[in-house]
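Worksheet for the structure shown next.
There are 4 protein chains.
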Amino acid sequence: MDEQKTELVERKGVGHPDSIADGIAESMSRALSKLYMKDYGQILHHNTDETQIVGGQSAPAFGGGSVLEPIYMLLVGRAVTKVGNVRIPFRSVTKKAAIDFLKKTCRNLDMDEDVTIDCRIGQGSVDLRGLYDTRKHLSNDTSFGVGYAPFSETDTIVYETEKMINGKWNKEILALGEDVKVMAARKKDKINVTVATAMVDKHISDKDNYINVVQELQSKVLDFASGLTERDVKVDVNTADNYRKNILYLTVTGLSMENGDDGSVGRGNRANGLITPYRPMSMEASSGKNPVTHVGKIYNLLSLQIANEVIKVGKGDIKEAHVRILSQIGHPIDRPQLASVQLVLAKGVRKSAVVKDVKSVTDAWLADVEKITKLVVDGKIDTF
Amino acid sequence: MDEQKTELVERKGVGHPDSIADGIAESMSRALSKLYMKDYGQILHHNTDETQIVGGQSAPAFGGGSVLEPIYMLLVGRAVTKVGNVRIPFRSVTKKAAIDFLKKTCRNLDMDEDVTIDCRIGQGSVDLRGLYDTRKHLSNDTSFGVGYAPFSETDTIVYETEKMINGKWNKEILALGEDVKVMAARKKDKINVTVATAMVDKHISDKDNYINVVQELQSKVLDFASGLTERDVKVDVNTADNYRKNILYLTVTGLSMENGDDGSVGRGNRANGLITPYRPMSMEASSGKNPVTHVGKIYNLLSLQIANEVIKVGKGDIKEAHVRILSQIGHPIDRPQLASVQLVLAKGVRKSAVVKDVKSVTDAWLADVEKITKLVVDGKIDTF
Amino acid sequence: MDEQKTELVERKGVGHPDSIADGIAESMSRALSKLYMKDYGQILHHNTDETQIVGGQSAPAFGGGSVLEPIYMLLVGRAVTKVGNVRIPFRSVTKKAAIDFLKKTCRNLDMDEDVTIDCRIGQGSVDLRGLYDTRKHLSNDTSFGVGYAPFSETDTIVYETEKMINGKWNKEILALGEDVKVMAARKKDKINVTVATAMVDKHISDKDNYINVVQELQSKVLDFASGLTERDVKVDVNTADNYRKNILYLTVTGLSMENGDDGSVGRGNRANGLITPYRPMSMEASSGKNPVTHVGKIYNLLSLQIANEVIKVGKGDIKEAHVRILSQIGHPIDRPQLASVQLVLAKGVRKSAVVKDVKSVTDAWLADVEKITKLVVDGKIDTF
Amino acid sequence: MDEQKTELVERKGVGHPDSIADGIAESMSRALSKLYMKDYGQILHHNTDETQIVGGQSAPAFGGGSVLEPIYMLLVGRAVTKVGNVRIPFRSVTKKAAIDFLKKTCRNLDMDEDVTIDCRIGQGSVDLRGLYDTRKHLSNDTSFGVGYAPFSETDTIVYETEKMINGKWNKEILALGEDVKVMAARKKDKINVTVATAMVDKHISDKDNYINVVQELQSKVLDFASGLTERDVKVDVNTADNYRKNILYLTVTGLSMENGDDGSVGRGNRANGLITPYRPMSMEASSGKNPVTHVGKIYNLLSLQIANEVIKVGKGDIKEAHVRILSQIGHPIDRPQLASVQLVLAKGVRKSAVVKDVKSVTDAWLADVEKITKLVVDGKIDTF
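Have a look at this one:
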């Protein structure tokens, strides 16, 4: 990829409405998984992959404005709601998980005033539950996973810049909101990085202050990104601003969903944390799907793990690995219909030199696919 | 009334679903009134008198069970939503008011897990707002208020018993929930008091413990009520229980709305805190109505104030006072269509001896009807 | 009552938001009752007495305006949702019943564009269902019913006027909406009748036309009411109108709920179709309650039937009958805690002459209380 | 693509929950666009691209079962809600559009009993509306469109098979539901086609009948697909069925959303009607976005048009065309940041021979990008 002429990469930060939806969806699935494990020793059927966020209305103002109308969040999905005669508190548990995620993620959001959370998670379809109740885990769908490694330079710049903004930097600059979008377009050796960050009004006194914060962020991103590549880097921050017309990206909560931006699961980052339109991607939403039989989730995460490990065992001989896994509904998930690994080798390396290692990595992961489930439930791999 | 043969009085305690609905409705109106006063110097049009509570599902258990499905609360009403170009945060403010009321009232309710609050309060009808925008406050409806004083013995027993349970006693006995219903039926000189109180499971270890708490409460109520009357008092607590079949009034939160009991505004206590089917009552819901022009609210509260003061100035000569006030839509609220005061005089007292005082009390209150508004907004009179 | 000095009577017509809520509630209960009867031979537990109507927004205009935002209706209540392993389509059935009621009642309402119907009816509390599953029907609550007969002249005027408007007259005058409110205040021999009727914009060409319709209605009501009494009758129609300021009661659908008027069950007419603040009334909402064990419903309807029949058997000797019935939770509904019949006798008639007949009417109805259930389910008695 | 080794293509039919969501979203946008055009001569700002479908519950049965709990649909998005002082009936119009779409698409769905439609579309963000109010249409986002032509054989088989099932065949076989999913996996010269079709219970008498319908469909698909390719075709229908365990894909409405399947916008087919994980795809949801400034929608549709026309002008010289267009927020939409066309040429054809034609096609479309808007509003191009 680094040798192709053009490249386009995007990451929606953790406070983007689509990421919030993903994060809630995944938190609910983890909470249910843990509840089921604790009470029944296994993860029972559920899919909580359809959270819908309906933007509120707000009136930001320098020094602190107010949210006029709360953001509305509809939790949607399916779960095992009853085991024998025991009813499971699936709605309380998922609601709690959603709230905990928001509290952890959105530091300027007032949970009482700014958000309404409603839950319509219900009982799942009997057919799918039928498939589920077998000992051996069977694919619940004909579905497809895809993953690649390593990140290109552009990928890395986009991914790490967002992590810095929502990590180290927003502790230093309180005005930075969590709703961050980073996009980079590379044409040959020029990388244009565009950052959009919602600013938090109570930490900004006036327009000059706002402009200073934007410039400070621009300068930090430029330094940081330039350290990750030899290429030319150009950075723009909040390009939709128009200082003359007083159009600024100012918010009360640091989140665009406070004022009309809606969000839903599966519309944002893919399982590797990026949107990469120049590469094959899966449409499948990973967040919120059950981590036991939902191949749309497992195979995406699995492909990524395999690709990463293939690069590692390649010790430089393998420059890029693309993994694709295709399931067949009703068959065991460790026996996909198709699993292909495409390699880009370093100059002079012959395929025969690496093929054994690659096959062994792939087979090992397929044999131990339940490891993915465990990593997911323990929160050790991200899904967006 | 004390001399009539039969009497029936009921009070739904502060945790009863209908009272919760009333309490939220009134809290929202107070919050909006304060907001409007602060920002615009007057109470702008609103009516928030239609909160709907949809019961949840729960699984109580000795030592502590769980809420399975959150209670759903729909905030309904009308408000001025915009003044000039400034939008008013009416939804955030009402939602906050509802939550604050619940936090204050329901000590065992987990606001995150157990409750969902949605708000559909919207802009009011233009016509009503038209009427409202005049300087002189005009009745918004042809409506009717009614009030009496003093409380009969039975009234007092019912009212004060609930206050004790939700006051002193539930601090002593943690197992007592806030959802209390007290009913008394008097036949001549016998008063049967029936109390239903939701018990909080985490403070009750087993059935024997439950029975003990019920007996302790029965004994407290009997002592207390007997102290308020010379008549025979009999007290039953939680009569729907069936110990043999293990049907107990056990709850997780001390609130029946956790498990299927719905509630709405205006279905519970009248403005004097009681339901008194042997006396004239107004159907009008007082809670949540705007305290400036809504005669359904103001005249009920006003009638009660007049009746109370009439008894006071009567110094024993007036045994009972019944006040009725009828508005006419579009006319100033201090000029009702009809205001009548019916008196029951002490033996030997002549009407002419008291009529001047009564008239003077009535006229004074009508002239100063805005005092009711102030008392309401300051939370100095209850509406349920 | 006709001999008392003052009297106040009101009826909310079938299109008033509170009546719509009542009508939907009762339709849902009937539909569930029929479903249960058909499939299980008995009426299973349910209460659908909490429908909440949230007013929409509209822009009426002469010749035809438009509804801007649909009216929202939340169906609330409890029902048996499962018998053995068979799940009952309680939500589809109640939704259908609500829609059918609206189609039948509101001839200018477009069900697709103007209304949103959501259903949160759920499973009831286990305790109440426990009580229910016994053969002998037991009271589900300590509750109270009240009824009187006959209607006073004022009662009759109010009741029949609304029936005419929503019957014969709105077939003649298409501009008349179903949202009608009739109120009459009698002072001695003067009866002031106030009628408010929403006018349907598409049938009204301009302000003059509007004024004509109002005058025509005023004249019809005056003729009609004068035919029912010897007293002086005065009639006002749409008194909140202000022609100079172009404040008219003009609507798109003939229903005030299209523009901000909310409604809920139990806030309107009592079981006899009237609101009569000068008489004892029950707070209990009759509409939507299950017609088998819910004493709040059954005893109100029963009291009314008894009062009517007492008057009939009295053949002129009994001028007025007031019936009160008090249940006790957990006891059979045909054995109330208290059943009292108060009589106003014709001059010269002695109590002993009628007491036997009255007792026999009362006992017969109590013994055959299930007849009430049947009348309700068959739609032969109204509840509002 | 036809010469690559493996290929995977999927199409979610018009009754799949994600397609229903897309269809509703797009219908709402068209209805709003028409309304705005009619009343204001231009398409005002809106995005209705977030419909959420929450699956109901059903109990299908041979000969006809019932929907137990209605499907819930939440309409979400933003729109200009007021122009000057005139309020726009955006909620009634969008609700109507959604219902009309459902009526047209789902022939076995009872709109009264089986579906609940709620609308939370609100006012958009001021910033975006600011951008919108300029004469020259400006991109509302930094976004990306992608398109290719022609369809590969596998693409064509998948696409046309679904069109046949939901076209000619479901008129012949009434048991076929609209919820169809077609997937084809090609390995070299073998194409495995998997079809899942919800069967409508009222048209199926028993299991044998069900099996016959499945076999008839399998045979039709096999004949049809074999006519579109020289390759080996294998067809499976409803592979998740298990006849022994009586697991069948039987539904009341022909729609899986009746029983627990949720759906949302942008999770299904891309703008060309397919999901093609072996090709670059845009994550952007096209359906429901405004067709004037939303580059995520316009550039996807535009890329597709350009690719198709490039193939046409190539007259066989161009075997495949891939188009990518990248916008920049705040710049005119006819001046993208980047527009690239990649070609696969027929053997022996030189780039120079076609480049002029390709450039001219591309430039013409960019200059006349508003044609896309018109095609969309007139319903002449599909978005899913």
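Chains as they are written, first to last, in my numbering: chain A, -4 to 379; chain B, -4 to 379; chain C, -4 to 379; chain D, -4 to 379. Using N, Cα and C, we set each Cβ at its ideal position, and we do this for glycine too. All values derive from a computational prediction rather than experimental measurement.
For V353 (chain D), the closest Cβ of chain A is not nearer than 7 Å. Put simply, the backbone Cα of I19 (chain D) is about 12 Å away from that of V88 (chain D). Only residues of its own chain outside the window of five on either side were considered, and among them T46, I48, G258, S259, V260 have a CB closer than 6 Å to the CB of A16 (chain C), listed in chain order. Contact with chain D is absent for F379 (chain A), since none of that chain's Cβ atoms lies less than 7 Å from the residue's Cβ. Of all residues in the segment 42 to 64 of chain D, only G51, Q52, S53, A54, S61, V62, L63, E64 place a beta-carbon less than 9 Å from a beta-carbon of chain C. The alpha-carbon of V287 (chain D) is positioned some 15 Å away from that of A280 (chain D). By the Cβ neighbour-count rule, K99 (chain B) is exposed, with fewer than 16 other Cβ atoms within 10 Å of its own. One thing to note: A266 (chain A) has its Cβ no nearer than 7 Å to the Cβ of N285 (chain A).
Taking A54 (chain C) as the centre and dropping the five residues before and after it, the same chain places the C-beta of G60, S61, L63 closer than 7 Å to its C-beta, in chain order.
Within its own chain, the residues whose Cβ lies closer than 8 Å to the Cβ of A334 (chain A), once the five positions on either side in sequence are excluded, are V318, R319, I320, L321, T357, L361, listed in chain order. In the DSSP assignment, G261 (chain A) falls outside any alpha helix (DSSP H), carrying neither H nor E. Every beta strand (DSSP E) of 3 residues or more that sits fully in the segment 57 to 109 of chain B is shown, in chain order, as 61 to 64, 66 to 70. Scanning the segment 294 to 359 of chain B from its first residue to its last, the whole beta strand (DSSP E) runs of 3-plus residues come out as 313 to 321, 333 to 340.
Chain A places a beta carbon closer than 7 Å to that of P84 (chain B), counting this residue as a contact. DSSP places M23 (chain D) in the uninterrupted alpha helix (DSSP H) bounded by 12 to 35. Around the beta carbon of S277 (chain D), 16 or more other beta carbons lie within 10 angstroms, which makes this residue buried. DSSP lists C:M178, C:I270 as the bridge partner or partners of E5 (chain C). Taking 7 Å as the threshold, the shortest C-beta distance from F146 (chain D) to chain A does not fall below it. For the set A:V195, A:V71, A:D150, A:F146, the Cα lying nearest the Cα of Q118 (chain A) is the one of A:V71. Contact annotation: E315 (chain A) and V353 (chain A) have beta-carbon atoms that are not nearer than 7 Å.
Residue environment: K90 (chain A) is assigned as buried (16 or more neighbouring CB atoms within 10 Å of its CB, all protein chains considered). In the structure shown, the three-state DSSP call for Y154 (chain B) is helix.
In the DSSP assignment, S214 (chain B) falls outside any beta strand (DSSP E) and within the unbroken alpha helix (DSSP H) covering 202 to 221.
When the Cα atoms are used, T378 (chain A) and I38 (chain A) turn out to be separated by approximately 18 Å.
The secondary-structure analysis by DSSP pairs I186 (chain A) across a beta bridge with A:R181, A:V228. Going by DSSP, V372 (chain D) is part of the alpha helix (DSSP H) stretching over 365 to 372. Not a single CB atom of chain A sits nearer than 7 Å to the CB of T189 (chain B). N241 (chain C) and T192 (chain C) do not touch by the CB rule: their CB atoms are close to 18 Å apart, not below 8 Å. Fewer than three beta-carbon pairs drawn from the segment 217 to 234 of chain A and the segment 22 to 35 of chain A are found closer than 8 Å, and the two stretches are therefore not classed as touching. Within the segment 271 to 283 of chain C, the residues whose Cβ lies closer than 8 Å to some Cβ of chain B are P272, Y273, R274, P275, M276, S277, M278, A280, listed in chain order.
Within the segment 26 to 37 of chain D, no residue places its CB atom closer than 9 Å to a CB of chain C. In this structure the segment 299 to 309 of chain A does not touch the segment 200 to 219 of chain D; the number of beta carbon pairs closer than 8 Å is below three. By the neighbour-count criterion, in which 16 or more other beta carbons inside 10 Å mark a residue as buried, Q52 (chain C) falls on the buried side. Under the 8 Å Cβ criterion, the segment 96 to 112 of chain C does not count as touching the segment 138 to 156 of chain C, having fewer than three qualifying pairs. By the neighbour-count criterion, in which 16 or more other beta carbons inside 10 Å mark a residue as buried, G283 (chain B) falls on the buried side. Nearest CB-CB separation between D17 (chain B) and chain A: not below the 7 Å threshold.
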